[in-house]
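Peer 1: Got a structure for you, questions after.
Numbering (the working numbering), first residue to last: 110 to 325.
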């Protein structure tokens, strides 16, 4: 569904898979977690994308494992190693073209990890960031996107959100944002939504308080 034009007052971006390709780092961290506890990495990776790390650890960790300590360990490993991550094509150019007061990053990663990854691939750092640290209910709950829009002085219904994973797409759509699928995911949460392979060619024109988002 290319060539769509969407109206908004603010733009909201997921990070992993939308702005940054962190697949190698994420898979490495979860594979190590699985190995420490005799778990199947594939089962974890099938559901981990787009969700807060602590929730995934709590779901899979064997009884008696310190969930907070394991989450901190995974976080430290991901912050320590940014090799293998890269910019999603078009991300830096698009964000660099925007008024910093009109966009935010909304992610299931922690604030520290988000800033580390964005800086590592040369993407502009946001003035407004809603991370795992900032919410009581993570994606797929709508709270992260509702908070981000509010922090920008807008309602989520007046936002365009860019997302790549089921949890995030559900979160953004449930919050009321016009949601764009970035990447290859085509499951239930993506049905009926405009889709782009990456952020190359996305343009935003601003007139007063209105943004016109044109998809390639």
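Ideal Cβ placement from N, Cα and C applies to all residues, glycine included.
All values reported here derive from a predicted model rather than from experimental measurement.
Under the DSSP definition of a beta bridge, which residues are partnered with residue 213?
Peer 2: 121, 237
Peer 1: Who pairs with residue 116 in a beta bridge, going by DSSP?
Peer 2: 321
Peer 1: Starting from residue 252, follow the alpha helix (DSSP H) in both directions and report where the run begins and ends.
Peer 2: 252-260
Peer 1: Quick check: the segment 254-270 against the segment 236-244, are at least 3 beta-carbon pairs closer than 8 Å?
Peer 2: yes
Peer 1: Going by C-alpha distance, which of 147, 278, 271 is nearest residue 171?
Peer 2: Of 147, 278, 271, the residue nearest in Cα terms is 147.
Peer 1: For residue 209, is the classification buried or exposed, using 16 other Cβ atoms within 10 angstroms of its Cβ as the cut-off for buried?
Peer 2: Counting Cβ neighbours within 10 Å, residue 209 comes out exposed, since fewer than 16 surround it.
Peer 1: Going by DSSP in three states, residue 130 sits in which element: helix, strand or coil?
Peer 2: strand
Peer 1: In the DSSP assignment, what are the bridge partners of residue 290?
Peer 2: DSSP output for residue 290 lists 272, 304 as bridge partner(s).
Peer 1: Quick check on this structure: which residue in 229, 292, 159, 234 has the alpha carbon closest to the alpha carbon of residue 195?
Peer 2: 229
Peer 1: Any chance the segment 223-238 sits against the segment 283-300, with 3 or more Cβ pairs inside 8 Å?
Peer 2: no
Peer 1: Classify residue 177 as buried or exposed, calling it buried when 16 or more other Cβ atoms lie within 10 Å of its own Cβ.
Peer 2: exposed
Peer 1: CA-CA distance, residue 322 and residue 159?
Peer 2: 24 Å
Peer 1: For residue 318 and residue 129, I'd like the C-alpha separation in whole angstroms.
Peer 2: 28 Å
Peer 1: According to DSSP, is residue 136 helix, strand or coil?
Peer 2: It is helical.
Peer 1: Closest to residue 277 by C-alpha separation, out of 223, 251, 324, 190, would be which residue?
Peer 2: 251
Peer 1: Exposed or buried, which one is residue 314 when buried takes at least 16 other CB atoms within 10 Å?
Peer 2: exposed
Peer 1: Excluding five sequence neighbours on each side, which residues of the same chain lie with their C-beta closer than 7 Å to the C-beta of residue 154?
Peer 2: 136, 139
Peer 1: What three-state label does DSSP hand residue 314 in the structure shown?
Peer 2: strand
Peer 1: With hydrogens ignored, establish whether the beta-carbon of residue 250 is closer than 7 Å to any heavy atom of the ligand MG.
Peer 2: Although the ligand MG was asked about, the structure shown includes no ligands whatsoever.
Peer 1: Select from 179, 202, 152 the residue whose C-alpha is nearest the C-alpha of residue 307.
Peer 2: The shortest C-alpha to C-alpha distance from residue 307 to any of 179, 202, 152 is the one to 202.
Peer 1: Using CA atoms only, rank isn't needed, just tell me which of 127, 116, 126, 179 is closest to residue 145.
Peer 2: Nearest of 127, 116, 126, 179 to residue 145, Cα basis: 179.
Peer 1: Looking only at C-alpha atoms, which of 152, 123, 198, 211 sits nearest to residue 224?
Peer 2: 123
Peer 1: Span of the alpha helix (DSSP H) holding residue 224?
Peer 2: 220-229 is the extent of the alpha helix (DSSP H) around residue 224.
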